[in-house]
Structures are given as structure tokens and as C-alpha cells.
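*Asks:* The listed protein sequences derive, respectively, from chains A and B. Numbering of the first sequence is given in numbering that gives the first Met the number 0, commencing with residue 0 and proceeding in unit increments. Numbering of the second sequence is given in numbering that gives the first Met the number 0, commencing with residue 0 and proceeding in unit increments.
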Amino acid sequence: MNYFKIANRNVTRQKRRSNMLAISIAFGTLIIILLQSLTSGLVANTEKSITTAMGGHIYIRGDELLESGKIVSKISDVDILQEALTSVDPSLIKDYQKRSEANGTLIFYGKTVSRSAVVGVDWNHEVTLYNDLNIIEGSLEEIADPQSIVLSQEAYEELEAGIGDKIIFNFQTVTGQENVEEYTIIAVAESNSSFGISSSYVSIVGLNKALGLEENEFQTLNIELFNGNNINKVQNTLETSIEDLGGTLPLPVSEEDSAMSSFGMMAMFTSDVEQEWTGTRFTITNLNDFLDVVLQVINIINLVSFVIFLIMILITMLGLVNTFRLIMNERVLEIGTMRAMGMQRKDVQKLLNLEGIIVAFRGVLYGIAAELVLSRIISLFTFNEIRNPAMQLLLKNGHISFPIEILYTLFVAAIVMGISLFAVSQPVRKALKKSVADELR
Amino acid sequence: MKNKKAIIIMILVLIMSSSLMAITVNEATEILKEIDEYSNFAGKSFSSTISMISEDPEDGIDKTVVYQFRDDDNDKFLMLLKEPSIKKGQGYLKIDDNLWFYDPESRKFSHTSLSEQFNASDANNSDFTSSSLLEDYKVTEVTEQTLGSYETYVLTLEALNDEVTYPQQKVWVSVKGFLVLKKEEYSKSNKLMRSSYYLKYIKLGENFIPTKTIFQDELVEGKKTTITLSDVSTKDIPDSVFTKSYVERVNN
């Protein structure tokens, strides 16, 4: 007997009722898949933004203690770092970049942009950034020139400068001396402002000289991994190796401070307890330290969406139970006839359960279709006018993105159908407890 | 013939007068010592009320009033903002090598440095500390120049360490009294960053203190800060003033 054909015909027979049930299931499915897709997009975009802006997953910063007690940001113990890098399984590391950075004021004919970050990049080596920079004006042809600058869109607009114009950058050297450099704008990169600071890019060679660093020195080493899941493993290996090689790591942050640290970002700061050392002190942080803030928000959204999902499922379940109870009452005679014609109780049960599954399946399909349509519509809107750096961090080129989570969608579909089957089976079982005579009476 | 004689006499007078004025680099170094001595209040405290008028082509004119307390013997200073009301209670406290900024809104102290700008003006935090020219700079060149109606020595200074705010300076010092009348401060890349004009001085015992100074930003045209000192005093200031707890409670 073709149960599916009969069940499908029975469901289609009551079109309006079946569709209403399917729509209520679809709505619940839509909400949970849409929210999950939204949160996945937010995490992926934040990860991508930070990885691009910072140049990797793991960030090693160097500090040196001067005789005067002043701490300057630089890595001159390059050998220790190179040696430590060899201790990491090479198949885990995709690439690494050496960077220097100065924060100061960009000036162009009386217009100023304070708190501007100018990042020194080794353009011969750092291909990822070169490819990821979204150049909206000018070109990167002259990028190797130490006096060339790729200006952030934000700074470019504020300075009201043009391609080829010379701008002044006022900043402090690593030891705190005032310095001024003149740069020619060769290109403008779409703003990838992170943490409230918009970054512009220059050659590391020129910036190092201006910062008072030697040519082979740098301030941070950023490591890009093939797989973000190996962050902690690689970081632990590096820390152990640096210590073994006689390098210095910061004193651990006290438990009290750790407990007080909101959003788990304490790892980005070193302990305030006085520490004396010679050479470079290496501070290693990673993407997760930055992502913690986003993940906390994401977890809240996920929790809310899960609660909404549970409520929707509960409502749908109650709806299904009531609707199927009504259906069973309406179809007592039909059930009695089927059984009188020789159908076993379990066969009838199978048929009725299948009807429930078909309704649930339709609901899930409608929900997935609605999610795909709605998410595409939402992702068409641009939010470029929102200048909030934290917000821009969550977007992909100014758009909210909704990646398709196939496994999660299948999981939700299975859960919804399973719960629907459970909801349907109760009134069906009750209806089938009656004798055939009672059903035909 | 008469003309020839007159020219020779004039040349001789010029040579003699210039040789009278000319000083060596070593003598110029003594001038730095002199400046440090009359600028610093050894054995006594110093307090004043500072009025700062900052002119910025982008942000307009901004007035700030600050109470200044100095204990040069112990390398301490305290600057407490009185005006504008929105910044009232903010303070800069220097104890030894540490400079703290206090924000009454967050009730927190944060580290800052002497080379940072004071309250977004053209003055740096280091402009309010004791003078240490002799310790931080060496004289590389001395010339003479007339500045307005004053005869001055122009000392070209080069930093002795890489931790001072300006690696190079030119200082115009009056021949009489060795008062600093003008400064030009240069970046590491030798670009003129700021010109300072010391327009008025008052004498407090053995000390001379500029009561009107103009700091002119040479990178942003039209940007300058005028500083005027009033209520200057060398009365003793209790040690308790130079403490974090004093800064926290002074405006509560």
C-alpha cells in the first residue's frame, strides 16, 4: 500500500487547514534559521574584519624596558621569535606579517584628523592585505615608495585631499619624541575602521625609520593560521618555546584582575605589577580576545532565538495536538471504515502520523524558503552611513550577511519534524484506542 | 681718503663689538644652566592660576583655567582644571617619572606622558614641569640675533637622549639676564613643529617666570595657544596636595 500517496491526498483534501498548520511551523522555522544565520554572519564578518585589520589570528607584541624605566614598543630579539616560530607545526601556519604602527594626527592644509593609525606593512610579503584592500580611488602601483600612503576613506574624506596630494603625519617615536613625516596619497582604501581607529597604510621600511626603529625591527608579528581552531594550540606552543629560549613573557594577570575583566579582554593587557627584564618582552594575544566581546553579544542573541524557537515549537505543538484531535473526531468514521476493511491499527497509525510529517515537512520547506528570501532582501540594504566602528566590524562591505548553514538547517528541520510527529502521535494513539464498532457507530 | 678711513674705523668697531658679544658653545652651556636655575623653584613651592586661550581654525576658540602647583625639589606637579565647567576636576599629577591624568567622571587615573598635549592645546605637559635643559640638551651652535628690540643669543640645541619631546630646539636668549624670549622646536625629521614666544616675565625672588606665552603650531596654520599666569606665589604647598587622594576629593 502506498501510504505516502494516501497521506498526501488526505492532507491536500483539507488544504486550508493543512496550510495554516504548515505556516505556523514555517514561522517558527524561519525565525530560528534566520537568527542563527544572522549570528553566524556577524561572527564571520567580525573574524574576517579583525583578521584583515590585524593581519592574522595571533598577535605577538614586543616591549623593551629602557634604563630610564620607560617601556617602548619594539621587537629587537628577532632571533628568539624566529626560533620560536620553528617550534610550531608548519602545516598550521598559513603566513605571518611583521608590522609597525604609529598613532597621530594627519594634517592637510589646516584640516586635521587626530587619533589616526598609520600601519607600516611589508608590501613584498603581505599579499593578503594587498589583495583584501578595497581601493576606491588611486592605485597601489607606487606602494613600495616609503613616502607613499594608502589613506583610509574616513581620513581622506575628512582631510578633503586628493590623490597625489602631500599630507603631513605628526606622531611620536617609540621613545616619545615628536616626529613629522610627509606622505603622498597614492590610493584610498574603503574604511575598515576597527576599535575606533581608522587605519592608513605605508611601507614598514620608512615608518620604522621615522619611529626610531632599526630596519630589521618591528612592533608586532601577526600570524595567520589555516584553521582558526588551532589558535590556542599555536599560542601555547609559542609561549612555551619563547620561555625555553630565555625570552620574557609578561607576568600573569592576577586572578582578581581576571575576574574583574569584563568581556575577557584582559589578555590584551599586561599585568600592572612591576616587572623588570632585558631584551624584548613578548605579549601574545589572539583573535578570540577580541571576539569575546562579539561572542558575548552573539550568545545573548542565540539564547533569545532559542527561547523564541522553544515558544514557537510549543505553540505549534499545542496547535498540532488540538488540530489533530479535531481531525481525529472528524475522521472517526473514516478510521473505523479503514479498520473494518482490514487495515491494522498500526497501519492506520502509520498513515495518520505520515500526514503529520507531511504537514511538518511542508512547514519546514516554507520556513527555509521564507528565510532565504527574507535574508536576501535584508542583505540588500547598506548600512555605510553607520560610522560606528563596532557596527562596521559586524558588517560585510556595509551589508548584513546571512551565510547558509546547511547542517544547522537540517538539524532544525529534523527537530521540528520530530516534535511534530510527537505532537500528532498523541491524538492519533487516543483515537485508535477505540474499537472498530465504536468508531463505526 | 676720508671715506676710506671712516670705513676702516667702522669695520674695526663692528669686529670689536661682535667679538664682545660672541660666546663659545661652553659659555652657552652655562646659559642653559642659568635658565634652569632661574626657572626652577629650588627650596620653595610655586603655584599660579593659568588661563589658556586656544585658537583652532577648525574648532574655534576655547578657554581653559587651570590651578598649577609645583614642587620642583621633589619633581612633582599638579594641574587642576577649573574651567570649562565640563572639565572641572580633571587633573594632571606628576610624581617622579609618573604622570597621571584624573577624570572625575570615571573617577579613574590613567597614565599619560609629558610629551602629550595638555588638554588638547598647543602646550605640552612638559611645558609645566621644572626646566632641565642642561640635563637634556647640548648646545651645538651659538649665533647672535636681534629679536625685536632685544639683543639675543640663538642657541641651537640637540637632545642628549631620545626621550625628550623635541629632539632639536633653537632658543633665543636675551643677552641681558639670559631670559628665554623665543623657542623653535623641531621634530626628529628636523621639521619646525612649534614656535613659542615668551612675552612677559615677572621676578619672584631669584626666579624669573614667564607670565604670558604664546605657543604657535607650525604644522596647522592659525592654531595657537596663549597662556597667561596670575596669582603667582611661592608659598609653601603641603605634600598632601601632590597625592591622588587630594586630586580625587578636591572638587567633591
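Every residue, glycine too, gets a C-beta built ideally from N, C-alpha and C.
Strictly below 9 Å CB to CB, what residues from chain B border A209(A)?
*Replies:* The contacting residues are K187 and S188.
*Asks:* In its own chain, which residues sit with a C-beta less than 6 Å from the C-beta of Y101(B), not counting the 5 before and 5 after it?
*Replies:* G90, F108 and V246
*Asks:* Using C-beta distances below 8 Å, list every residue in its chain close to L65(A), excluding the 5 sequence neighbours before and after it, in chain order.
*Replies:* V71 and T174
*Asks:* For a contact defined as C-beta to C-beta under 8 Å, what are the partners of K395(A) on chain B?
*Replies:* Within 8 Å Cβ-Cβ: nothing; K395(A) doesn't reach chain B, min ~33 Å.
*Asks:* Go through its chain and collect everything with a Cβ distance to M192(B)'s Cβ below 8 Å, but skip five positions before and after it.
*Replies:* Y165, E184, Y185, S186, D216, E217 and L218
*Asks:* Give, in chain order, every unbroken run of the beta strand (DSSP E) that is at least 3 residues long and sits entirely within the segment 264-347 of chain A.
*Replies:* Qualifying beta strand (DSSP E) stretches, in chain order: 279-285.
*Asks:* Using a beta-carbon distance cut-off of less than 9 Å, what residues from the segment 56-70 of chain A approach chain B?
*Replies:* L65, S67, G68 and K69
*Asks:* Assuming D71(B) contacts S129(B) under a Cβ cut-off of 8 Å, what Cβ separation, rounded to an integer in Å, is found between them?
*Replies:* Distance from D71(B) to S129(B) at the Cβ level is roughly 4 Å; contact confirmed, criterion being Cβ atoms closer than 8 Å.
*Asks:* Under a three-way DSSP split, which group does V42(A) fall into?
*Replies:* helix
*Asks:* Go through its chain and collect everything with a Cβ distance to Y95(A)'s Cβ below 8 Å, but skip five positions before and after it.
*Replies:* G55, L84, L220, N221, I222 and E223
*Asks:* Applying a beta-carbon distance threshold of less than 7 Å, which residues of chain B neighbour N169(A)?
*Replies:* The CB of N169(A) comes closer than 7 Å to the CB of L218 in chain B, given here in chain order.
*Asks:* Less than 8 Å between the C-beta atoms of V87(A) and T236(A), yes or no?
*Replies:* Taking 8 Å as the cut-off, the Cβ atoms of V87(A) and T236(A) count as close.
*Asks:* Is there at least one non-hydrogen atom of the ligand PLP closer than 7 Å to the beta-carbon of G366(A)?
*Replies:* Absence of the ligand PLP is noted for the structure shown, with no ligands found whatsoever.
*Asks:* How would you list, in chain order, the residues of chain A whose beta-carbon sits under 8 Å from the beta-carbon of T164(B)?
*Replies:* G175, Q176 and E177
*Asks:* Looking only at C-alpha atoms, which of I92(A), I334(A), K93(A) and G61(A) sits nearest to D78(A)?
*Replies:* G61(A)
*Asks:* What residues in its chain sit with their C-beta under 6 Å from that of L283(B), if we drop five residues either side in the sequence?
*Replies:* Because chain B spans 0 through 251 in this model, residue 283(B) falls outside it and cannot be assessed.
*Asks:* Per the DSSP calculation, N206(B) is bridged to which residue(s)?
*Replies:* L203(B)
*Asks:* Does DSSP classify K75(B) as helix, strand or coil?
*Replies:* strand
*Asks:* Could you list which residues in chain C have their beta carbon closer than 7 Å to that of P56(B), in chain order?
*Replies:* Going by chain labels, chain C is absent from the structure shown, which instead holds the protein chains A and B.
*Asks:* Is I312(A) closer than 8 Å to G27(A) when the C-beta atoms are compared?
*Replies:* yes
*Asks:* Helix, strand or coil, according to DSSP, for I22(B) in the structure here?
*Replies:* coil
*Asks:* Within its chain, find whatever has a CB closer than 7 Å to the CB of V163(B); leave out the 5 residues flanking it on each side and keep chain order.
*Replies:* D135, listed in sequence order.
*Asks:* I need the DSSP call for G355(A), collapsed to helix, strand or coil.
*Replies:* helix
*Asks:* What is the residue span of the beta strand (DSSP E) that Q144(B) lies within?
*Replies:* Y136 to L146
*Asks:* Tell me where the alpha helix (DSSP H) around F168(A) begins and ends.
*Replies:* Looking at the DSSP string, F168(A) is not in any alpha helix (DSSP H); the run it does join, the beta strand (DSSP E), is K165 to Q171.
*Asks:* Should the segment 350-365 of chain A be regarded as contacting the segment 20-38 of chain A, the criterion being three or more beta carbon pairs within less than 8 Å?
*Replies:* Yes: the two stretches touch, three or more of their Cβ pairs being nearer than 8 Å.
*Asks:* Determine the contact status of I443(A) and L210(A), defining contact as a CB-CB distance below 8 Å.
*Replies:* This structure does not reach residue 443(A), given that chain A is present from 0 up to 440, and the question cannot be answered.
*Asks:* Hey, is M51(B)'s beta-carbon within less than 8 Å of any beta-carbon in chain A?
*Replies:* At a cut-off of 8 Å between C-beta atoms, M51(B) does not count as an interface residue with respect to chain A.
*Asks:* Rank T381(A), S424(A) and V358(A) by C-alpha distance to the C-alpha of A412(A) and give the top, closest one.
*Replies:* V358(A)
*Asks:* Taking only the alpha-carbon atoms, compute the straight-line gap between I213(B) and I52(B) and give it to the nearest angstrom.
*Replies:* 9 Å
*Asks:* Among V117(A), F107(A), I74(A) and P426(A), which has the Cα closest to the Cα of E329(A)?
*Replies:* P426(A)
*Asks:* Would you say S46(B) and F68(B) are within 8 Å of each other, going by their C-beta atoms?
*Replies:* The criterion of a C-beta distance shorter than 8 Å is satisfied by S46(B) and F68(B).
*Asks:* Using a Cβ-Cβ distance cut-off of 8 Å, determine whether E157(A) contacts chain B.
*Replies:* no
*Asks:* Let me know if D235(B) comes out buried or exposed under the rule of 16 or more other beta-carbons within 10 Å of its beta-carbon.
*Replies:* exposed
*Asks:* Who pairs with I52(B) in a beta bridge, going by DSSP?
*Replies:* DSSP output for I52(B) lists K62(B) and T225(B) as bridge partner(s).
*Asks:* Using a Cβ-Cβ cut-off of 8 Å, state whether S114(B) counts as contacting chain A.
*Replies:* yes
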